[in-house]
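S.K.: In the UniProt record's numbering, the protein residues as written are 1 to 287.
Beta carbons are placed, not taken as given, at the ideal position from N, Cα and C, and that holds for glycine.
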Amino acid sequence: MSDLRLDATQLDRYSRHVIMDEIGPEGQQRLLEGSVLIVGAGGLGSPAIQYLAAAGVGRLGIVDDDVVERSNLQRQIVHGDADVGRPKVESAADYVDQLNPDIDVETHEARVTAETVGSLVAEYDVVLDASDNFATRYLLNDHCVLTETPLFHGAIYRFEGQITSFTNDRGGDGRSDTDGDETSPPCYRCVFPEAPEPGTVPDCATTGVLGVLPGTVGCIQATEVVKYLLGKGGLLEGRLLLYDAMDMSFEEVPVRPNPACPVCGDDPEIESVSDVAYEGTCEISAD
1 MSDLRLDATQ LDRYSRHVIM DEIGPEGQQR LLEGSVLIVG AGGLGSPAIQ YLAAAGVGRL
61 GIVDDDVVER SNLQRQIVHG DADVGRPKVE SAADYVDQLN PDIDVETHEA RVTAETVGSL
121 VAEYDVVLDA SDNFATRYLL NDHCVLTETP LFHGAIYRFE GQITSFTNDR GGDGRSDTDG
181 DETSPPCYRC VFPEAPEPGT VPDCATTGVL GVLPGTVGCI QATEVVKYLL GKGGLLEGRL
241 LLYDAMDMSF EEVPVRPNPA CPVCGDDPEI ESVSDVAYEG TCEISAD
């Protein structure tokens, strides 16, 4: 940790953090020194970008290869009508610049691939998955497991959302399962071993999505990231939080590590992201 060096403007901006015993100036400095790669500047990425920047997370990388469309504006709230046709990463970066000049924003106008994921993720402390497709989710999961990079997941569908967190700490932290044996944390493949067949899960362009839904889910993802960077509170690791906006209900489902998981299990088959075809069901490539 660097010497504390919050200036007068920062002490004012982050005063509601600084006065909290759980954060204080040391915690705020920790946030300012933190870095997050946000994959996706759409519905989930928008609130995550807003609140991470407002909280003072000092370096944000934003990855997206899409441009702003007018149909995005019902839910992707870092973009405005004047941004239609602009790259989402540029629009999002401009939003952060207006919100908080403390934040360094690095834009990556690209799609995350097996060839680029390593160089992208290596530059950041944690990854926030705000993607909208299974190929990217599995690719990020596998790479983050292999590199022990914390990954914060969220997904939405019509009126429903799901959130969980994966610290990917394989070093043994002394936690035990119900039988008293030490256990590693689960990963995304422990919950969903393979992606559904292409075409079986319609996207929001086909089925629609409640505009405020990604705000709730993305904010929870951002909350998890902030707590992780602070080293405070309990994370959703080992728990899948399900949110139903129509019923205004939350359900928590326990998630246990799968000993047969191909990437984090007892005898993993995936040693590199090059072992997987990240299209279709994201299966391990046949030799």
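#1: List the residues that DSSP assigns as beta-bridge partners of P254.
#2: According to DSSP, simplified to helix, strand and coil, what is residue 324?
#3: Is the segment 57-77 in contact with the segment 35-48, if contact means three or more CB pairs nearer than 8 Å?
#4: So, is P259 buried or exposed, given that buried needs 16 or more other C-beta atoms within 10 angstroms?
#5: Run the proximity test for A110: is its beta-carbon closer than 7 Å to any non-hydrogen atom belonging to the ligand ATP?
#6: Just confirm the distance between the C-beta atoms of residue 296 and R70, as a whole number of angstroms; I'd bet it's less than 8 Å.
#7: Within the same chain, show all residues whose beta-carbon is closer than 8 Å to that of V18, passing over the 5 residues directly before and after it, in chain order.
#8: Return the CA-CA distance between D104 and C204, expressed in angstroms with no decimal places.
#9: For Q76, which of helix, strand or coil comes out of DSSP?
#10: So, with DSSP's three-state summary, where would you put A55?
#11: Is the CB-CB distance between D169 and E148 below 8 Å?
#12: Look up S249 in the DSSP assignment and give the residues it is bridged to.
#13: May I ask you to report which of helix, strand or coil DSSP gives V112?
#14: What ranges does the beta strand (DSSP E) occupy inside the segment 184-244, keeping only unbroken runs of at least 3 residues that lie completely in it?
#15: Grab me the residues of G211's own chain with a C-beta within less than 8 Å of its C-beta, minus the 5 sequence neighbours each way, in chain order.
#16: Could you give the C-beta distance for L44 and G208, rounded to a whole number, given that I count them as a contact under 8 Å?
#17: Taking the alpha carbon of L60 as the reference point, which residue from P198, E90, N72 has its own alpha carbon closest?
#18: May I ask you to verify whether the segment 131-145 touches the segment 186-201, counting CB pairs closer than 8 Å and requiring at least 3?
#19: Give me the Cα-Cα distance between F152 and T9, rounded to the nearest whole angstrom.
#20: Could you check the C-alpha separation between T178 and Y124 for me, to the nearest Å?
#21: Measuring straight from C-alpha to C-alpha, what distance separates H79 and R111?
#22: Going by DSSP in three states, P150 sits in which element: helix, strand or coil?
#23: Can you give me the start and stop residues for the alpha helix (DSSP H) that L11 sits inside?
#24: Cα separation between V273 and G154?
#25: Using DSSP with H/G/I as helix, E/B as strand and the rest coil, what is S131?
M.R.: According to the structure data:
#1: R239
#2: No statement about residue 324 is possible, as the shown extent of the chain runs from 1 to 287 and does not include it.
#3: yes
#4: exposed
#5: This structure does not include the ligand ATP; it has no bound ligands of any sort.
#6: For the chain, the structure presents residues 1 to 287; residue 296 sits outside this window and is missing.
#7: L6, L11, G24, P25, Q28
#8: 31 Å
#9: coil
#10: helix
#11: yes
#12: D244
#13: coil
#14: 239-244
#15: Q74, R75
#16: Contact doesn't hold; Cβ gap of about 16 Å is too wide.
#17: E90
#18: yes
#19: 31 Å
#20: Low confidence applies to T178: its pLDDT is 38, below 50, so where it sits in the model is not reliable, and the reading given next is rough at best. The straight-line gap from Cα to Cα measures roughly 34 Å.
#21: 19 Å
#22: coil
#23: 8-13
#24: 21 Å
#25: coil
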